[in-house]
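A.B. asks: I'd like to ask some things about the structure below.
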Amino acid sequence: MPFSLFLLLLLPFVGCGVAALLPTNARNLESLWAALVALGVAVPLALLYPEIRDGAVLTERLAWLPSLGMDLVVRIDGFAWMFAMLVSAMGLLVIVYARYYLSPDDPAARFYSLLLGFMGAMLGVVLSGNLVQLVVFWELTSVFSFLLIGYWTHRKDARRGARMAFTVTATGGLCLLAGVLLLGHIVGSLELDAVLKAGAAVREHALYTPALLLILLGALSKSAQFPFHFWLPHAMAAPTPVSAYLHSATMVKAGVFLLARLWPVLAGTPEWFWIVGGAGLATLLLGAYAAMFQNDLKGLLAYSTISHLGLITLLLGLNSPLAAVAAVFHMMNHATFKASLFMSVGIIDHETGTRDMRRLDGLYRSMPVTGTLAIVACAAMAGVPLLNGFLSKEMFFAETVFVSASPLIEHGLPLLATLAGLFAVVYSLRFGHDVFFGAPPDCPRQPHEPVHWMRVPVELLVLACVVVGTLPAWSIGPLLATAATPVVGGDLPAYSLAVWHGFNTPLVMSLIATAGGLVVYLLFAQRFKNRDSSRAPGLFGLDGKRVFEGLIALLSDGARRGVRWLGTRRLQPQLAAMIVIAGLAGLGSALIVPLAWGDRPRVPLAPEFVLLWAIGGACALGAAVQAKFHRLAALIMLGVVGLAVCITFAWFSAPDLALTQLAVEVVTLVLFLLGLRWMPKRLEDEPGTMARTYWRRRRDLLIAVLIGVGLAALSYALLTRKAPLSISPFFIEKALPEGGGTNIVNVMLVDFRAFDTLGEITVLGIVGITVYALLRRFRPPMEVIDRPAQQRAVPQNVESDLVTREDGDTPQRYLEVPAVLVRLLLPVAAVFAFHLFMRGHNEPGGGFVAGLVVAIAFIAQYMVSGTRWVEDRMRLLPPRWIAYGMAIALATGLGSLALGYPFLTTHTAHVTWPLVGEVHLPTAALFDVGVFAVVVGSTLLLLTAIAHQSLRARRQQAAQEDDAQAPEPPAPPTPTVKGAV
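Here it is as structure tokens:
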């Protein structure tokens, strides 16, 4: 294998990112790039066929969480190879087709970016060698399909269809996650290889049924099986290239792919037979019946897709190896003829301006080539001999005839299969005959043939239908054997792909279906056109769409009631509810496992420590009291409490925590100061609120005392016990030899638990960006903006110490001397931050606290010089700090993966530099650089976003004051007209 298998997964996502950056209207460049990416996946996959054909299973592994069995694994066997080729080759054809389908006004860059992203997600599903990894890509396909279905955002039906598809498939994905976790628990491993070898143990386990139900919920909802079939017709609001790719060849095939993938493990039981077979049979009949009455061409193809997916599901549910082979065969055949039909519909819509079959009679005169291609594809869909659909339909009929079950199933299943075949003939005739033959069409545009390259993908797919139908053993035989062998567990049953098998029962069923479909069409053709197809039929009165919409309405109504019941203008009731619930949970735990003091030796109580917390406690109580009268005073007292916490950390030999807490206190103080401007006026001043406030404060005091006493008791109980399984010795022993540092806290953050730190800085960056996005168009409350000018006036006794400088639209006042001092302080703070950063691996410090120090220095510049001065002079661009920091942190982790080590593994080097000597260089320092950059960018973005809003509020206030003080202009003279009465 001359290349890495992970490149097959990575390439579409790289192409997705590059395509998003291309010019929006450069359709040739964007389509060429997307085609090259798809070709770059398909060609290496094709080169792997000789190894795959010989039975090899190619795997490649990257260590992720080996102790939890969570390595990243790419696994390619015959079945995965077939599906990966289907995804990449069909993607290439759709990309070529979309180049001519999309309008010049459509954002092509977004389309190709999303299409490549979906290709990567689908490849991740079929090539994953770990079940949890498969579920991650599974949900990613739901995300990209949501974006592709809703590509035309100006259309309400597209937005609605995207939401419906995402809700159903993503919810099924959550069930699938629970199911694979149960399956992994049964097997003892989440590796696909181990799961496929443990079929007997899984089927005999007590958890088999719940695991099966959860997995089937995910698979059946993804493949639009009854009762989840309703979302697929609504997804037809997507552009036709999306329908041709997602809804015939890839996304809807993910469910049946999973059923076939786990067939050796889960099949062979009555539960599998009745659930999978029953859902498949209901979907087969319901989809075929509904397709006959559709007047929208894409609606007809949507319901026919549902029916054919039901056929595949029914085959997989029959618990027969030969039926599983037939299912794999029909997956391949259905992708070719259904994708060609979707593209034909797109051509018809593109060249005529409509998809309504009632207006499309007689198109063959104007579009003979397209008509010929579409008619051949319709014949393949109907199962006409010498086309590929006929072969897999014959295998399906044969399996229904030879099924071994109860007499009702043995006699009823062939009859229902024949009936479904009859329906397929009817809706295929409706497509082929009603559209291309008859009276001249009544179209919005004059119909004509498309450009040749738009038709090339359809020609190739139809050619495949003909070649497979006439020369099956030569053309598709080896590929089918390669793909079906892993599905049935390695031993293929005997079967024949010959066109003629003699005059047998399946052939009779096929003849009956074809003749019966022709008769039904001739008798009821006009009735099919006149039938209202706006509502899909249900089964036994059960309509999945109505059930879904009812559940959504019920949830929405419940949410509104909950908001009315729990919603409040105050933060205190919500905090009180959270604290009370947490306190009750802790009390319940204490009742089950009673608190008891340990026999650990007590530390003598120092008078200094008592004095420290006497001051801290007094300030905490003072803050609670002053919050009612003077918020600034309460904020200052809270700062004293934070300082007491910092000293406490230092007292108990935790200098890292003390240093970080001190920096956090400064940043928090600035945040609160900026937030004071946003605070609304006090509701206590309103009539009728005094009594409620009186009792609320006493209630809050009681809750605070009880929770405080409980936490103090819990802390005392924990601190007086000896930890039986302490993790401290592990980190103390491993910090220096394995982490390369003597500062245990920092080594934990950037090495042993670096993945946690990566998650934390990710959340920090998201919070900063979210606050900025929310505050861009938000304004402080009107009572703040409308505050009287005398409350904002600068005292006269300090006016002489201030200078006026233009900052934006209004004059701002700044203290001149502190501004100079703060600007001089900036390089000093930078040097100090550099010192903290460089010593962090062995002494108190690190990237987090260094980032806070730099952020504080920058914030000081904002405070004394204004936002405009800092932005014009320094150009900080906080979002870029966040982006660069995350990129550096991820690159550090990916670098260890590239070298074959687990993600974010630290490596240490000792380099000797001239005049400096030996320098200790751990890769964790690079990760710490990323932490530093994210902390600086997030802190600045969050605080300056709030500060900008305060500046806007001041400008609004100044404008209102100017308007109030300006003299009213004289009224214009009343015009007079001579001769007017």
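1 is the number of the first residue of the sequence shown in this note's numbering; add one for each residue after it. All C-beta atoms in this analysis are idealised placements derived from N, C-alpha and C, irrespective of residue type, glycine included.
Which two residues bound the contiguous beta strand (DSSP E) that contains Trp500?
C.D. replies: Unbroken run through Trp500: none, as it is neither H nor E.
A.B. asks: According to DSSP, is Thr352 part of a helix, a strand, or is it coil?
C.D. replies: Looking at Thr352 - three-state DSSP - the assignment turns out to be helix.
A.B. asks: Can you check whether the CB of Val74 is closer than 8 Å to the CB of Leu983?
C.D. replies: A question about residue 983 goes unanswered here, because the residues of the chain that appear run from 1 up to 981.
A.B. asks: Taking just the CA atoms, how far does Val666 sit from Ala860?
C.D. replies: Taking the straight line joining both Cα atoms gives about 11 Å.
A.B. asks: Which of helix, strand or coil does DSSP assign to Glu733?
C.D. replies: DSSP places Glu733 in helix when its eight states are reduced to three.
A.B. asks: Express the C-alpha separation of Phe837 and Thr908 in angstroms, rounding to a whole number.
C.D. replies: Taking the straight line joining both Cα atoms gives about 17 Å.
A.B. asks: With a Cβ-Cβ cutoff of 8 Å, do Gly184 and Leu192 count as a contact?
C.D. replies: The answer is no: Cβ separation not under 8 Å.
A.B. asks: Identify which residue in Pro12, Glu271 and Gln225 has its Cα closest to the Cα of Lys253.
C.D. replies: Comparing Cα positions, the closest option is Gln225.
A.B. asks: Do Ala933 and Tyr884 have their C-beta atoms closer together than 8 Å?
C.D. replies: Yes; because the gap between Cβ atoms is below 8 Å, this pair is in contact.
A.B. asks: Using the Cβ count rule (16 or more neighbours within 10 Å means buried), how would you classify Val763?
C.D. replies: So Val763 counts as exposed.
A.B. asks: Alpha carbons only, please: which of Ser510, Glu271, Arg753 and Val458 is nearest the one belonging to Ile727?
C.D. replies: When only C-alpha atoms are compared, the closest one is Arg753.
A.B. asks: Nearest by alpha-carbon distance to Gly317: which of Val265, Gly287, Gly346 and Gly362 is it?
C.D. replies: Gly317 has its Cα closest to that of Val265, out of Val265, Gly287, Gly346 and Gly362.
A.B. asks: So what's Leu10 in DSSP terms, helix, strand or just coil?
C.D. replies: Looking at Leu10 - three-state DSSP - the assignment turns out to be helix.
A.B. asks: When you compare the segment 137–157 with the segment 41–55, are there three or more beta-carbon pairs, one atom per stretch, that lie closer than 8 Å?
C.D. replies: Segments in contact, no.
A.B. asks: Among Leu702, Phe436, Phe79 and Leu9, whose alpha-carbon lies nearest the alpha-carbon of Phe137?
C.D. replies: Of Leu702, Phe436, Phe79 and Leu9, the residue nearest in Cα terms is Leu9.
A.B. asks: Cutting at 6 Å between CB atoms, please list the residues of its own chain near Trp613, excluding the five before and the five after it.
C.D. replies: Cβ neighbours of Trp613 beyond the five flanking positions: none.
A.B. asks: Below 8 Å on the Cβ atoms is my contact criterion, and I expect Phe437 with Gly517 to pass it. Report the Cβ-Cβ distance as a whole number of Å.
C.D. replies: Their Cβ separation, rounded to whole angstroms, is 17 Å, which puts Phe437 and Gly517 out of contact at 8 Å.
A.B. asks: Tell me, please, whether the CB atom of Ala576 is closer than 8 Å to any CB atom in chain C?
C.D. replies: Protein chains in the displayed structure number just one, and chain C is not present.
A.B. asks: Reducing DSSP to helix, strand and coil, say where His154 ends up.
C.D. replies: Residue state, collapsed to three classes: coil.
A.B. asks: Spatial neighbours of Tyr694 within its chain, please: CB distance less than 8 Å, with the 5 preceding and 5 following residues excluded, ordered by chain position.
C.D. replies: Counting only Cβ-Cβ distances below 8 Å, and skipping sequence neighbours, we find nothing.
A.B. asks: For Gly917, write down the residues that DSSP places opposite it in a beta bridge.
C.D. replies: Its beta-bridge partners are Trp913.
A.B. asks: Per the DSSP calculation, Asn990 is bridged to which residue(s)?
C.D. replies: Because the chain here runs from 1 to 981, residue 990 falls outside it and cannot be looked at.
A.B. asks: For Arg455, which residues of its own chain have a beta-carbon under 8 Å away from its beta-carbon, when the five flanking residues on both sides are left out?
C.D. replies: If we look at Arg455 and ignore the five residues flanking it on each side, its Cβ neighbours are Ile347, Val369, Thr370, Leu373 and Glu449.
A.B. asks: Identify the continuous alpha helix (DSSP H) that holds Val74 and give its terminal residues.
C.D. replies: First-last for Val74: Leu72 to Ile76, but that is the beta strand (DSSP E), not the alpha helix (DSSP H).
A.B. asks: Quick one: residues in its chain with C-beta nearer than 7 Å to the C-beta of Ala596, no 5 flanking neighbours on either side, listed in chain order?
C.D. replies: Excluding sequence neighbours, Ala596 sits near Ala717.
A.B. asks: If you check the beta carbons only, do Ala1040 and Leu387 fall under 8 Å apart?
C.D. replies: Any question about residue 1040 goes unanswered here, given that the chain covers just 1 to 981.
A.B. asks: Roughly how many angstroms lie between the CA atoms of Asp928 and Phe848, to the nearest whole one?
C.D. replies: Cα to Cα, the separation comes out at about 8 Å.
A.B. asks: In the structure shown, what three-state DSSP assignment does Thr269 receive?
C.D. replies: Reduced to three states, the DSSP call for Thr269 is coil.
A.B. asks: Could you pull the start and end residues of the alpha helix (DSSP H) that Arg61 belongs to?
C.D. replies: First-last for Arg61: Leu58 to Leu62, but that is the beta strand (DSSP E), not the alpha helix (DSSP H).
A.B. asks: Helix, strand or coil for Phe540 per DSSP?
C.D. replies: Residue placement at Phe540 cannot be trusted, given a pLDDT of 46 that sits under 50; what the coordinates show is reported in the next sentence. If DSSP states are grouped into helix, strand and coil, Phe540 belongs with coil.
A.B. asks: Quick check on DSSP: helix, strand or coil for Pro922?
C.D. replies: Pro922: strand per DSSP, three-state reduction.
A.B. asks: With a threshold of 6 Å on Cβ separation, who are the neighbours of Gly930 within its own chain once the five nearest residues in sequence on each side are excluded?
C.D. replies: Closer than 6 Å at Cβ, skipping near neighbours: Gly885, Ile888 and Ala889.
A.B. asks: With a cut-off of 8 Å on the beta carbons, I'd call Val94 and Tyr245 a contact; round off their distance for me.
C.D. replies: The pair is a contact, with the Cβ atoms about 4 Å apart (cut-off 8 Å).
A.B. asks: In the DSSP assignment, what are the bridge partners of Thr908?
C.D. replies: Answer by DSSP bridge pairing, in chain order: Pro922.
A.B. asks: Using only alpha-carbon positions, find the residue among Arg430, Ala590 and Asp557 that is nearest to Tyr521.
C.D. replies: Among Arg430, Ala590 and Asp557, the Cα nearest to that of Tyr521 belongs to Arg430.
A.B. asks: Contact between the segment 476–492 and the segment 75–92 is defined here as three or more beta-carbon pairs at a separation below 8 Å; is this criterion met?
C.D. replies: Because the criterion of three Cβ pairs below 8 Å is met, the segment 476–492 and the segment 75–92 touch.
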